[in-house]
Amino acid sequence: PYFNWIVMPITFTSIALFKIFPQIPQSLETVLKFGEGIISQLSHFQFGMITFGKINWWECLLILLLSAAVLISVSELKPKVSWKLIGTLSASYMLFFCLIHFPLKGQVTFIDVGQGDSILITTPFPRKVYMIDTGGKLNFSGKKLTPQVNKITIPFLKAQGIN
Numbered sequence: 005p006y007f008n009w010i011v012m013p014i015t016f017t018s019i020a021l022f023k024i025f026p027q028i029p030q031s032l033e034t035v036l037k038f039g040e041g042i043i044s045q046l047s048h049f050q051f052g053m054i055t056f057g058k059i060n061w062w063e064c065l066l067i068l069l070l071s072a073a074v075l076i077s078v079s080e081l082k083p084k085v086s087w088k089l090i091g092t093l094s095a096s097y098m099l100f101f102c103l104i105h106f107p108l109k110g111q112v113t114f115i116d117v118g119q120g121d122s123i124l125i126t127t128p129f130p131r132k133v134y135m136i137d138t139g140g141k142l143n144f145s146g147k148k149l150t151p152q153v154n155k156i157t158i159p160f161l162k163a164q165g166i167n
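Residue numbers (our numbering): 5 to 167.
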């Protein structure tokens, strides 16, 4: 909405009035810079980032089936059925999220990243996460090794629901 309702109209107005009233586009540019500054400040907060985690195949299938049922019931204008299905779908999302983020069992995982190993320890409820990195091997050959953290470690942590 910000781009369609604020940026585009201000931009087109500035283009249309540039030759006639040069002061108006400068004022409108100030409004755009102010809006960009607010968006820049909001981008530093991570309130919109949720690391859900990886769900099982049957959980994924259940969510897909419930989503399809919601879409069908909404398109057939059955409000009572739709609200029940939406509630069931929301409860499923919450249940799967809680099962990932508040596990009932602890876990010890050894992660081999090629240059050294890491050990990930997660405790059961309340969940605590400990990661022990061995540091890898020293490189005396002069070849630059590619970091494996973006390929192996971070995807694994996100699949576990660890932010």
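Ideal placement from N, C-alpha and C gives every residue a C-beta, glycine not left out.
Closest Cα partner of residue i within the set the options
i: Thr-17; options: Phe-7, Pro-5, Leu-32, Asn-8; result: Leu-32
i: Leu-124; options: Phe-7, Ile-156, Glu-40; result: Ile-156
i: Lys-58; options: His-105, Tyr-6, Gln-45, Ser-47; result: His-105
i: Val-153; options: Tyr-134, Gly-39, Phe-38, Ser-122; result: Ser-122
i: Ala-137; options: Phe-114, Pro-159, Ser-79, Arg-131; result: Per the sequence shown, the amino acid found at residue 137 is Asp instead of Ala. When each option's Cα is compared against that of Asp-137, the closest is Phe-114.
i: Pro-111; options: Cys-64, Val-133, Ser-79, Ala-73; result: With the sequence shown as reference, residue 111 is identified as Gln, and Pro is not the correct amino acid for it. Cα-wise, what sits closest to Gln-111 is Val-133.
i: Ala-3; options: Gly-39, Leu-66, Pro-83; result: In the structure displayed, the chain extends from 5 to 167; residue 3 sits before or after that span and is not available.
i: Cys-64; options: Phe-160, Asn-167, Leu-93, Ile-43; result: Leu-93
Distance between residue j and residue i (C-alpha atoms, nearest Å)
i: Lys-23; j: Ile-14; result: 15 Å
i: Trp-62; j: Phe-129; result: 24 Å
i: Ala-163; j: Phe-100; result: 13 Å
i: Val-11; j: His-48; result: 21 Å
i: Leu-81; j: Leu-36; result: 42 Å
i: Leu-103; j: Gln-27; result: 59 Å
i: Lys-109; j: Thr-127; result: 7 Å
i: Thr-55; j: Met-98; result: 13 Å
i: Ile-158; j: Ile-19; result: 46 Å
i: Ser-71; j: Trp-87; result: 12 Å
i: Met-53; j: Ala-73; result: 28 Å
i: Gly-190; j: Phe-7; result: A question about residue 190 goes unanswered here, because the residues of the chain that appear run from 5 up to 167.
i: Leu-21; j: Thr-34; result: 15 Å
i: Leu-75; j: Lys-84; result: 13 Å
Coarse secondary structure for residue i, derived from DSSP in three states
i: Leu-124; result: strand
i: Phe-16; result: helix
i: Ile-166; result: coil
i: Met-53; result: coil
i: Phe-114; result: strand
i: Ile-136; result: strand
i: Phe-177; result: In this structure the chain extends from 5 to 167, so residue 177 is not present and cannot be described.
i: Asn-60; result: coil
i: Lys-37; result: helix
i: Phe-7; result: helix
i: His-48; result: coil
i: Leu-82; result: For the record, residue 82 in the displayed sequence is Lys; it is not Leu. Of the three classes helix, strand and coil, the one that applies to Lys-82 here is coil, per DSSP.
i: Phe-100; result: helix
i: Phe-160; result: helix
i: Leu-89; result: helix
i: Leu-70; result: helix
Cβ neighbour criterion (16 or more within 10 Å) applied to residue i
i: Gly-165; result: buried
i: Pro-29; result: buried
i: Leu-89; result: buried
i: Leu-68; result: exposed
i: Val-161; result: Looking at the sequence itself, residue 161 is Leu, so the reference to Val does not match. By the 10 Å Cβ count, Leu-161 comes out buried.
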